[in-house]
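Below you'll find the structure, written out as structure tokens, and then a few comments.
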Amino acid sequence: MLGGAGLVRFCHYNNKGGVAAAGAVATTTTRTTTGTIAAAIATMEIEVRQGNGVFYKAFVKSIKTDTVVVSYGNDAKTEEVKFEDCRLPPRTTKAEVLKVGDIVEALMQQDGEAIFGWQKAKIKELRGDLAAIESVEGPHRMDIVSSEHIRTLPVKCTPLKQSQFKHAKIAVPDDLRAYFKRPESYADFAATVKSVFVEYDEENGNLLLSTFEEQAVKRATILSDMYFKDSRQKMQLLQRQEVISFYSVF
1 MLGGAGLVRF CHYNNKGGVA AAGAVATTTT RTTTGTIAAA IATMEIEVRQ
51 GNGVFYKAFV KSIKTDTVVV SYGNDAKTEE VKFEDCRLPP RTTKAEVLKV
101 GDIVEALMQQ DGEAIFGWQK AKIKELRGDL AAIESVEGPH RMDIVSSEHI
151 RTLPVKCTPL KQSQFKHAKI AVPDDLRAYF KRPESYADFA ATVKSVFVEY
201 DEENGNLLLS TFEEQAVKRA TILSDMYFKD SRQKMQLLQR QEVISFYSVF
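For the sequence shown, counting from 1, position 134 maps to 134 in the UniProt record's numbering; every step adds exactly one.
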């Protein structure tokens, strides 16, 4: 490998049921004690420690009391892992000055073309922005990676805990409640907010947000009014297209 105003209410609650989420953008239908959940979309990335010490890049699929369900890369298969085996990616990933012989953590391709993991490795050679590395822990691998995929030790990652997840509710305007039954209607919102799990509580007309980043809640709060306005325009356009399609068959 080379190289209408939305009312936002912040609240804390224990989500004991599995709330589905996704890697880049995906959807799952589920049900919780608060009402019927039409679907869930999320963009939360974490890192999961494997038995060999390598930390795989993973996407949260579901949040439970003591575990999270994740998928790796583009793999549709899911795995339930303990919080104690999970960590959050560090805020700053750019490595310090690198030298030949340094032991670092590098993002290397693992078993399966779409699976990558952070693995301890030794820098064998440096050339510009690229480094030839050889693993010193876990499965033996040799690779060439860019400096942006190298972390100097010690890596400052925060262990993931269930208590770290923050939750908020965004009330969906009455005229948009039916429109939001479509999962794709808030996929862009989740992608824009980033690092957030979003599900639509169809019964109560709320977007339910879960995230481990305080800033994600703030971004959702700021963007909600503009997002609902844009959604209303999309809904009206969709309604006009449906009317045209209906009459075109006669």
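Using N, Cα and C, we set each Cβ at its ideal position, and we do this for glycine too.
Backbone CA spacing between residue 47 and residue 185 [nearest angstrom]: Numbered from 1 along the sequence shown, position 47 holds the residue referred to as residue 47. Numbered from 1 along the sequence shown, position 185 holds the residue referred to as residue 185. Straight-line Cα distance between these residues: approximately 28 Å.
Buried or exposed: which applies to residue 183, given that a residue is buried once 16 or more other Cβ atoms fall within 10 Å of its Cβ? Position 183 of the sequence shown holds residue 183. Residue 183 should be labelled buried.
Do residue 149 and residue 107 have their beta-carbon atoms positioned less than 8 Å apart in this structure? Taking the sequence shown and counting its residues from 1, the one referred to as residue 107 is at position 107. Taking the sequence shown and counting its residues from 1, the one referred to as residue 149 is at position 149. Yes, these two residues count as a Cβ contact at 8 Å.
Inter-residue Cα distance where the pair is residue 165 and residue 173: As a first step, residue 165 must be located in the sequence shown, where it is residue number 165. As a first step, residue 173 must be located in the sequence shown, where it is residue number 173. Going by the C-alpha atoms only, they are around 26 Å apart.
Endpoints, the alpha helix (DSSP H) within which residue 217 is located: As a first step, residue 217 must be located in the sequence shown, where it is residue number 217. From DSSP, the alpha helix (DSSP H) with residue 217 extends over 214-248.
Can you list, in chain order, the residues of its chain whose CB lies under 8 Å from that of residue 67, leaving out five sequence neighbours each side? Your numbering for residue 67 matches position 67 in the sequence shown. Cβ within range, chain order: 80, 81, 82, 83.
Can you tell me whether residue 91 is buried or exposed, with buried defined as 16 or more other CB within 10 angstroms of its CB? Working through the sequence shown from its first residue, we reach residue 91 at position 91. Counting Cβ neighbours within 10 Å, residue 91 comes out exposed, since fewer than 16 surround it.
Using a Cβ distance threshold of 8 Å, determine whether the region 134-153 contacts the region 96-103, with at least three qualifying pairs required. yes
For residue 52, which option in 117, 44, 62, 73 has the closest C-alpha, if you only look at C-alpha atoms? Locating residue 52 in the sequence shown gives position 52, counting from the first residue. When each option's Cα is compared against that of residue 52, the closest is 117.
Please confirm whether residue 237 and residue 192 have their CB atoms less than 8 Å apart. Along the sequence shown, one-based indexing puts residue 237 at 237. Along the sequence shown, one-based indexing puts residue 192 at 192. Against a cut-off of 8 Å, the Cβ pair of residue 192 and residue 237 comes out as no contact.
Less than 8 Å separating the beta-carbons of residue 70 and residue 61? Numbered from its first residue, the sequence shown carries residue 70 at position 70. Numbered from its first residue, the sequence shown carries residue 61 at position 61. Closer than 8 Å, so yes.
Grouping DSSP H, G and I as helix and E and B as strand, with all else coil, what is residue 175? For the purposes of this step, residue 175 is taken as the residue at position 175 of the sequence shown. Helix at residue 175.
Beta-bridge partners of residue 65, as assigned by DSSP: On the sequence shown, position 65 is the one that residue 65 refers to. Paired residues: none, contrary to the question.
Residue 157 to residue 120 span [Cα, whole Å]: Here residue 157 refers to the residue found at position 157 of the sequence shown. Here residue 120 refers to the residue found at position 120 of the sequence shown. Rounded to the nearest angstrom, the two C-alpha atoms are 15 Å apart.
Cβ-based neighbour list, residue 110, same chain, cut-off 7 Å, excluding 5 preceding and 5 following: Start at 1 with the first residue of the sequence shown, and residue 110 comes out as number 110. 54, 56, 116, 117, listed in sequence order.
What beta strand (DSSP E) runs, 3 residues minimum, are completely inside the region 135-213? Whole beta strand (DSSP E) segments, 3+ residues: 142-146, 150-152, 166-171, 197-201, 206-211.
Other residues of its chain near residue 85: CB distance less than 7 Å, five sequence neighbours each side excluded: Along the sequence shown, one-based indexing puts residue 85 at 85. Cβ within range, chain order: 48, 49.
CA-to-CA distance, residue 72 to residue 212, given in whole angstroms: The residue given as residue 212 occupies position 212 in the sequence shown. The residue given as residue 72 occupies position 72 in the sequence shown. Near 19 Å, if we compare the C-alpha coordinates of residue 72 and residue 212.
Identify the residues that DSSP records as bridge partners of residue 131: which are they? Translated into the one-based positions of the sequence shown, residue 131 becomes position 131. Looking at the DSSP assignment, residue 131 forms a beta bridge with 126, 145.
Cα-Cα separation, residue 138 to residue 123: For the purposes of this step, residue 138 is identified with residue 138 of the sequence shown, where counting begins at 1. For the purposes of this step, residue 123 is identified with residue 123 of the sequence shown, where counting begins at 1. Taking the straight line from one Cα to the other gives about 16 Å.
For residue 114, which residues does DSSP report across the bridge? Residue numbering aside, residue 114 sits at position 114 when the sequence shown is read from its first letter. Per DSSP, none; premise fails for residue 114.
How many whole angstroms separate the CB atoms of residue 194 and residue 43, which I take to be in contact at a CB cut-off of 8 Å? What you label residue 194 is simply residue 194 of the sequence shown in a count that begins at 1. What you label residue 43 is simply residue 43 of the sequence shown in a count that begins at 1. That belief holds up - the Cβ atoms of residue 194 and residue 43 are roughly 6 Å apart, short of 8 Å.
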